[in-house]
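Numbering-wise (this note's numbering), the sequence shown opens with residue 893 and increments by one. Note that beta-carbon positions come from the ideal geometry of N, C-alpha and C, so glycine has one too. It should be emphasised that the depicted structure is a prediction, and the values quoted were computed from it without experimental measurement. Structure first, then comments.
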Amino acid sequence: MALVTLVEVEKTLTDDESIRECLQQNGIEYERWIIARGIDADSTADEILNAYSAEIDELKTRGGYVTADVIDVSPQTPGLDEMLAKFNREHWHDEDEVRFVISGHGLFHINGATGVLAIEVEAGDLIRVPRGTKHWFNLCSDRRIRAIRLFQEKSGWTPQYTDSDIDRKHEPVCLGTTYLPQVAGHR
Ligand SMILES: [Fe+2]
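Below, the structure is given as structure tokens:
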């Protein structure tokens, strides 16, 4: 399940209902999908796309997407820092940013209707950031994410920068599995 933090008030939402309500208020579509049987870190892009073909077709119909691919980012990815520098500044796109996470982690910041949200995604999370939404993206400490992407038209996905510098005011912090609400008497 994604972790959502209301950055300005430093409040992390941990229950399903508040997370979904908050994302809805900010126009972010969110779903949990079950990781397909037989899909693991070694699966090829084609195996992943085949395993989710029914879900991808349904999303294409719903959102007008025409193509899907698999992005695979790891510490070994050539030019990783240059690639990340394109997306860790506030920007928007002419089309939706749709990601279904197969493995790894990522941190979306959304400059939304209720303020700045940090959405930490993990395997099984489907997120749709609608076109025109101001956002930025960072990896977490594993520096790894594998995700299905959907496009209405690949050229529309070029980042349009706001140059607001708001991204510099918010340290990208991933809480991950280290974030567990304290329960008395348990470790
Ligand atoms: Fe983006």
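Given that a residue counts as buried once 16 or more other Cβ atoms are within 10 Å of its Cβ, and exposed if not, what is residue i?
i	result
Y1053	exposed
R1020	buried
T1006	exposed
A933	exposed
N1003	buried
R1038	buried
V901	exposed
D1059	buried
N942	exposed
E909	exposed
Can you give me the C-alpha to C-alpha distance between residue i and residue j, rounded to a whole angstrom?
i	j	result
R1035	L972	9 Å
C914	D938	34 Å
F1043	D988	7 Å
E947	G919	21 Å
K1046	T959	8 Å
W1049	Y957	12 Å
E1063	A1010	10 Å
G1024	V990	13 Å
D993	A977	Sequence inspection shows Val at residue 993; the Asp mentioned does not correspond to that position. Looking at the two C-alpha atoms, the distance is approximately 20 Å.
L1080	D986	There is no way to answer for residue 1080, as the model of the chain reaches only from 893 to 1079.
C1066	I940	26 Å
I894	W925	Per the sequence shown, the amino acid found at residue 894 is Ala instead of Ile. Distance between the alpha carbons of A894 and W925 is about 12 Å.
F1000	N980	9 Å
K1061	R929	41 Å
E923	V896	14 Å
L1018	K903	22 Å
W984	Q917	18 Å
F1029	E982	8 Å
Given 7 Å as the limit, tell me if residue i has its C-beta closer than that to any heavy atom belonging to ligand 1.
i	result
P1064	no
H1001	no
F1029	yes
F992	no
P1051	yes
E921	no
H997	no
E989	yes
Any heavy atom of ligand 2 inside 7 Å of the beta-carbon of residue i?
i	result
F979	Summarising the ligand content, the structure contains ligand 1 and does not contain ligand 2.
**Report entry** Cβ pair count under 8 Å reaching 3, the stretch 1008-1017 against the stretch 950-967
**Finding:** Counting Cβ pairs under 8 Å, fewer than three are found: no touch.
Query raised in the report: Within the chosen definition, does the stretch 955-974 reach the stretch 1053-1066 through at least 3 CB pairs nearer than 8 Å?
Result: The stretch 955-974, when compared against the stretch 1053-1066, does not touch it at the 8 Å Cβ threshold.
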